[in-house]
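Asks:
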Amino acid sequence: MANGALPQTLKAITATKINELSKQRALFDLRKTEILAVANGAPDLRARAQVLLDGISRLKGYPKDSLDKNDVDLDADSAEELEEKLIPRGVGRLQPEDHKNMRHLLLQGRYDPSISQAALKDRIAQLEKELQYLETKHKHGDFYSKLVTEWLSELDGSIASTANETKSTDSDPNFEKVGRAEMHEQRATWESFVFTSPTHVSEDAIQSYLNDLFITTNLSQQALKDLRASIQLFGTELSSKGDWLDLDELKWVSQALVKTDLLGEEKTAILKEFMRNDEVAQEVADVLNMRLASLESWTWTGAADGIPVELRRQLNGRYRAFMDEDLLDALMLQYLGTTWAMKLREVLETFLSSNAWKAPHEDIPEDHKEMRKYFLGRYANSDSGKINEIRKQTYTENYFMTQLPASTGEGARQYDDEGKAKNALDTKHSLLHLLVTESIIHKHQHGGFTAVRSDFEWFGASMPHATLLAVLKFFGVSELWLKFFVLFLEAPLKFAQDGPGASVQVRKRGLPTSHTLSDFLGESVLFCMDYAVNQATDGGFLYRLHDDFWFWGAENTCVKSWQAMERFTEVMGLKFNREKTGSVRMGLNKTSKESALPTGDIRWGFLVLDEEQEKFIIDQAQVDKHIEELSRQLSSCKSVFAWVQAWNSYFGRFFANNFANPAICFGRDHIDMAVSTLSRIERTLFNKTSDDKSTSAQISGVTDYLRTVIADRFDMHDLPDGFFYYPIELGGLELLNPFIRLLSMRENIKQTPPEASAQGFAKGRE
C-alpha cells in the first residue's frame, strides 16, 4: 500500500460504526430488561405473551403489530411510533407474518376460551427465543467489530513498519516479510540480465534463421508476404489515426490496465476516480491523444530521475520487478500494447490457417481408405470429426497466442502462480489433462508415448532487445514503431527501496513486467518457435503457455521438436531453464535411452510425471517446504482476519490449485492423493497425527484452532461451524475448505482411466 491513508480512513469509519453499535446494544439491553421485567410481572399467560410480543415488535420496527386496543387505526402514523428501532425491519427468526398471526391469536384469546394455555405457552417460548436471538445478534455485532478493529490495527502497524520496504505477496500486507536473502539473490540475478548488454546475439544469424524458416516454399512465402502487408498497413494506420481515444476507448483501456496489477493501490484509486467524472476522463483522453500524435518524440515521464522499480513477492517464492511509472504513460502504453497485441494475434491466426502451417496427418493406407469409403460412405475419409482435426481445433482455441487479447473487452492477460487471468488456471490444468489423455491414446495406438517440457530461464529479464527488433523488422514493422519500441524497452530504472540516492540505470535487456506491450513483443518472438516445431515435426503442435512449452507424441517426433527448440534458443540468445526441463517415456518407449532428449523430470506445480506409474503424483518434499512457509506466514499474522486471509491464500487456493483440477483421465486416485496431502498439511500445521489418542489436548483442525484463538482473545465460545465458512458480508470469516470441492468431484468419477479408455475404444470399434 502506498501510504496509511486507506487504513486510517477505514479505522475512522469503523470507529464511528462501532460507536453506533455500542449505543444500540446498550439501548437494546435496557429495553430487553424492561420487557422482561414487565413480562415477569404479568398476571396471566396471555398478558405475558402480549408484553413480549409488544416489546419485541417495537425492537424490530413493528410498533403496531402487537396492539389490539379498541378504535386504533393500525395503519396510521403517530409521533410515539417514531421511536428508534434497534433491529432492522424483517431481521429475526420470526417474520412479519408470524407477528401478525400472534397478534390475531392474542386478540382472539380475549374472547375465545378455546385458545388453550398450551398454545399461549408455545407462543411465549417462541418470543423468548426470539429475544435471545436478537441478543445474540447484538453480541455477534460487538464481537465482529472487535475482529475488524484488530485487523485494522495490524494493517496500520504493518504499513508503518514497512513504509520503505518491498511490497509483498499479491499486495497482501499480512504476509510475513520472510525470504529477504532470496529477494536480494533474485534482484542480483535480475540486474545481471537487465543492465548488461548481451554479447551472444547476432542479428545476421537471426535474419538467416528466419529466412530459412519462413522462405522455403511458395506457400510459406505467400503467407509471410500477407503477414507483412497486414502489419505494415496496421502500423501506418495506427500512427496516422489522428483521433485515437474517446471516452469509450479510455474506459476499456483503464479496465485492462487495472487487470495487469501494474499500478499500485494509490494510482489505481486515482484512475478509478478519473473515470467516474466524464469531464476529467475527457481531459485525460485529450492529453493521451496529444501524446500519441507526437509519438516520435515520446519519452518516459520522469526519465531524468529514473522510473521507480519495486520487487513483489509471489506465493511461489519468486519476486517480480514492477515499474511504478507515470499514470498517463501507463494508459498510453496499455492502449498501444492492446491494439498491437490484438493485431498480432489476428495476423498469426491467419498464418496458422494458411497452407504454410503444416497440418497433422496419419498415414492411412489407400486400401483402408477405400474400405472405409465402401462401408461408411463417400465422406468417411473427410477430416471433419477426426482426432487430428479435434487436436488442431483444441490447439487453436486454447493454446495458440492465448497470451494475447483477442478483443478490447478481454483486456490484458496475466500468467502467474495464482492464475488471476480469466481461464488462465483452467487452461494450465486442461493442458495436464490433455497430456495424460494423449498418453492413453498413444499407448493404445502405438504402444508408447514420449513427452518433453521446458521453459526459458528468466525469459522476461533475459530477452535480448536485438532479438525482438530483428524479428519485428522481419515481420514488417516500420522504423517509426521500431524506434518507439526501443524507447519503451530502454527505460531508465531505479530501485525504490534504495532510497532517494538510488542509482539510475538504463534497461539493456528484457521486457517490462505486466505490460501488454511486453506480451506483444515476447509473443512475436515465441511464435517463431511454434512455427519451427510445426515444420520440423511435419505438423506437430507445440503446446505453449507464454514461455512454458510442452510437446508429446512418438519418440522420434519429440526428438525433432526438441532439436528445433534448441536451434531456436541458440539463435535468439535465450537459455532453457534446466530446473523445469525434462522428458518422460511411457509404455514401450520406456526402454529407449535417446540422448537427444533432455534429462530431468516433467513437473508442474507440486506434480511430477512419474515414468513408472505413468501418471502425475504429488512431490511431497516440495509440499513440505511450503508447509514450513505457510507456518511462518500464519505465525506472523496478528489478527484473525489476517490469519484467515493467509490460510485461504495458501491452503484454500495455492496448494489445491497446484495439485491440478481432478479429471476423468486422472482418476479417483488423484483426488485421494490430493485430499490425503491436504489432510497431512493440516495435521502437520496443528501438530496433530493420525495415531494420536490424546485428542483433548490437541488442535484437531483449522476451525478448532480458530475457536481456541477467538475464545482466548475475545471470550467468545460455542461458535457454530457456519460462522467460519459464511461470507464476510453475512458476518462470517469466509474460510475456504478445498476438501468440499475435491470430494464432491470424486463421486462423479466412477471408472479408472484404463477402464474408461477401454470402454471408449470398444465403442469406437462398434
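Taken in order, the sequence shown gives residues 1 to 766; the numbers are from UniProt numbering.
Note that the Cβ used here is the ideal one computed from N, Cα and C, for glycine as well.
Tell whether a beta-carbon distance below 8 Å holds between proline 492 and valine 477.
Replies: Against the sequence shown, residue 492 aligns to sequence position 492. Against the sequence shown, residue 477 aligns to sequence position 477. Cβ distance not < 8 Å, so proline 492 and valine 477 don't count as in contact.
Asks: Can you tell me the Cα-Cα spacing of leucine 742 and isoleucine 671, whole angstroms?
Replies: For the purposes of this step, residue 742 is taken as residue 742 along the sequence shown, with counting starting at 1. For the purposes of this step, residue 671 is taken as residue 671 along the sequence shown, with counting starting at 1. Taking the straight line from one Cα to the other gives about 6 Å.
Asks: Let me check you understand the geometry: is the CB of serine 518 closer than 7 Å to at least one non-hydrogen atom of the ligand FAD?
Replies: As presented, the structure is devoid of all ligands, the ligand FAD included, so that no description of it is given.
Asks: At the level of alpha carbons, what is the spacing between isoleucine 18 and phenylalanine 143?
Replies: Here residue 18 is taken as the residue at index 18 of the sequence shown, counted from 1. Here residue 143 is taken as the residue at index 143 of the sequence shown, counted from 1. Those two C-alpha atoms are separated by around 10 Å.
Asks: Which residue wins for smallest C-alpha separation from serine 636, given the options Leu21, Leu155, Ala125, Glu97?
Replies: Residue mapping note: residue 636 aligns to position 636 of the sequence shown, counting from 1. The residue with the shortest Cα to Cα distance from serine 636 is Leu155.
Asks: When the Cα of leucine 685 is compared with those of Glu97, His626, Arg110, Tyr209, which residue comes out closest?
Replies: Translated into the one-based positions of the sequence shown, residue 685 becomes position 685. Selected option, being the one with the closest Cα: His626.
Asks: Taking C-alpha atoms, which residue in Thr216, Phe527, Asp324 lies nearest to threonine 350?
Replies: Within the sequence shown, numbered from 1, the residue matching residue 350 stands at position 350. Closest option to threonine 350, Cα to Cα, is Phe527.
Asks: Restricting to runs no shorter than 4 residues, where is the alpha helix (DSSP H) found entirely within the segment 397-480?
Replies: Complete alpha helix (DSSP H) runs here, min 4: 424-446, 459-462, 465-474.
Asks: Which one of Asn661, Glu628, Asp305 has the shortest CA to CA distance from leucine 315?
Replies: The residue you call residue 315 lines up with position 315 of the sequence shown. Looking at the Cα atoms, Glu628 is the closest of the given residues.
Asks: Cα-Cα, which of Ile115, Leu247, Phe28, Arg313 is closest to residue 815?
Replies: Since the displayed the chain opens at 1 and closes at 766, residue 815 lies outside it and no answer follows.
Asks: Would you kindly report the start and end of the unbroken beta strand (DSSP E) that includes tyrosine 111?
Replies: Counting from 1 along the sequence shown, the entry for residue 111 is found at position 111. First-last for tyrosine 111: undefined, no H or E at that position.
Asks: Just to confirm my understanding: we take alanine 756, look at its own chain, exclude 5 residues before and 5 after, and list those with CB closer than 7 Å. What are they?
Replies: Counting from 1 along the sequence shown, the entry for residue 756 is found at position 756. So the qualifying residues of the chain are Ile664.
Asks: So the alpha helix (DSSP H) serine 524 belongs to, where does it begin and stop?
Replies: For the purposes of this step, residue 524 is taken as residue 524 along the sequence shown, with counting starting at 1. Residues 516-536.
Asks: Using the beta-carbon count (16 or more within 10 Å), is leucine 257 buried or exposed?
Replies: Within the sequence shown, numbered from 1, the residue matching residue 257 stands at position 257. Answer is buried; the Cβ neighbour count reaches 16.
Asks: I believe leucine 53 touches histidine 99 by the beta-carbon criterion, under 8 Å. Please report the beta-carbon distance rounded to the nearest angstrom.
Replies: Along the sequence shown, one-based indexing puts residue 53 at 53. Along the sequence shown, one-based indexing puts residue 99 at 99. That pair is a contact at about 7 Å.
Asks: Could you tell me which residues DSSP puts in a beta bridge with alanine 321?
Replies: The residue labelled residue 321 in the question sits at position 321 within the sequence shown. Answer by DSSP bridge pairing, in chain order: Leu311.
Asks: Evaluate glutamine 186 with the Cβ neighbour count: other Cβ atoms within 10 Å of its Cβ, from every protein chain shown; 16 or more gives buried, anything less gives exposed.
Replies: As a first step, residue 186 must be located in the sequence shown, where it is residue number 186. Buried, by the Cβ-count rule.
Asks: Excluding the 5 residues preceding and the 5 following aspartate 601 in the sequence, name in chain order all residues of the same chain whose CB lies nearer than 6 Å to its CB.
Replies: The sequence position of residue 601 within the sequence shown is 601, counting from 1. Taken in chain order, the residues that qualify are Gly582, Val608.
Asks: Determine the DSSP secondary structure at alanine 610, reduced to helix, strand or coil.
Replies: On the sequence shown, position 610 is the one that residue 610 refers to. It is worth fixing the name first, because residue 610 is aspartate in this sequence and not alanine. It is a strand residue.
Asks: What whole-angstrom Cβ distance do lysine 241 and methionine 275 have, given they're in contact under 8 Å?
Replies: Translated into positions along the sequence shown, residue 241 becomes position 241. Translated into positions along the sequence shown, residue 275 becomes position 275. Wrong, their Cβ atoms sit about 22 Å apart, outside the cutoff.
Asks: Starting from serine 649, follow the alpha helix (DSSP H) in both directions and report where the run begins and ends.
Replies: Here residue 649 refers to the residue found at position 649 when the sequence shown is read from its first residue. It is not in any alpha helix (DSSP H) - serine 649 carries neither H nor E in the DSSP assignment.
Asks: Mind checking who proline 492 pairs with in its DSSP beta bridge?
Replies: Counting from one through the sequence shown, the residue named residue 492 turns up at place 492. For proline 492, which the question treats as bridged, DSSP gives the partners Val506.
Asks: Against chain C, with Cβ distances strictly below 8 Å, would lysine 100 count as a contact?
Replies: No chain C is part of this structure, which consists of one protein chain only.
Asks: Rounded to a whole number of angstroms, what is the C-alpha to C-alpha distance between leucine 288 and leucine 331?
Replies: Taking the sequence shown and counting its residues from 1, one reaches residue 288 at position 288. Taking the sequence shown and counting its residues from 1, one reaches residue 331 at position 331. The straight-line gap from Cα to Cα measures roughly 8 Å.
Asks: Would you list the one or two residues that DSSP bridges to serine 583?
Replies: The count along the sequence shown starts at 1 and reaches residue 583 at position 583. Paired residue(s): Val452.
Asks: Going straight from the alpha carbon of glutamate 366 to that of alanine 359, what length do you get?
Replies: Locating residue 366 in the sequence shown gives position 366, counting from the first residue. Locating residue 359 in the sequence shown gives position 359, counting from the first residue. The straight-line gap from Cα to Cα measures roughly 19 Å.
Asks: Hey, how far is the Cα of aspartate 122 from the Cα of lysine 139?
Replies: For the purposes of this step, residue 122 is taken as residue 122 along the sequence shown, with counting starting at 1. For the purposes of this step, residue 139 is taken as residue 139 along the sequence shown, with counting starting at 1. Taking the straight line from one Cα to the other gives about 26 Å.
Asks: Would a C-beta distance cut-off of 8 Å place threonine 338 and threonine 408 closer than the cut-off?
Replies: Counting from one through the sequence shown, the residue named residue 338 turns up at place 338. Counting from one through the sequence shown, the residue named residue 408 turns up at place 408. Contact: yes.
Asks: Ignore the nearest five residues each way along the sequence and tell me which others in glutamate 130's own chain have a CB closer than 7 Å to its CB.
Replies: Looking up residue 130 in the sequence shown gives position 130. For glutamate 130, where only same-chain residues beyond five positions count, the Cβ hits under 7 Å are Ile56, Gly92, Arg93, Leu94.
Asks: Going by Cα to Cα distance, which pick from Gln393, Trp340, Ser208, Ser145 is closest to tyrosine 543?
Replies: For this step, residue 543 is matched to residue 543 along the sequence shown. Among Gln393, Trp340, Ser208, Ser145, the Cα nearest to that of tyrosine 543 belongs to Gln393.
Asks: At which residues does the alpha helix (DSSP H) containing phenylalanine 351 begin and terminate?
Replies: Position 351 of the sequence shown, counted from the start, is the residue given in the question as residue 351. From DSSP, the alpha helix (DSSP H) with phenylalanine 351 extends over 327-352.
Asks: Determine the contact status of serine 514 and aspartate 712, defining contact as a CB-CB distance below 8 Å.
Replies: Locating residue 514 in the sequence shown gives position 514, where the first residue counts as 1. Locating residue 712 in the sequence shown gives position 712, where the first residue counts as 1. It is not a contact, given that the beta carbons lie outside the stated cut-off.
Asks: When you compare the CB positions of isoleucine 618 and phenylalanine 659, do they come within less than 8 Å of one another, or not?
Replies: Indexing the sequence shown from 1 puts residue 618 at position 618. Indexing the sequence shown from 1 puts residue 659 at position 659. Yes.
Asks: Is it right to say threonine 537 is buried, meaning 16 or more other beta carbons lie within 10 angstroms of its own, or is it exposed?
Replies: Within the sequence shown, numbered from 1, the residue matching residue 537 stands at position 537. That one is buried.
Asks: Is the Cβ-Cβ distance between valine 201 and threonine 569 less than 8 Å?
Replies: Here residue 201 refers to the residue found at position 201 of the sequence shown. Here residue 569 refers to the residue found at position 569 of the sequence shown. Cβ distance not < 8 Å, so valine 201 and threonine 569 don't count as in contact.
Asks: Return yes when the Cβ of valine 194 is within less than 8 Å of the Cβ of residue 805, no when it is not.
Replies: The requested residue 805 does not occur in the structure, where the chain is confined to residues 1 to 766.
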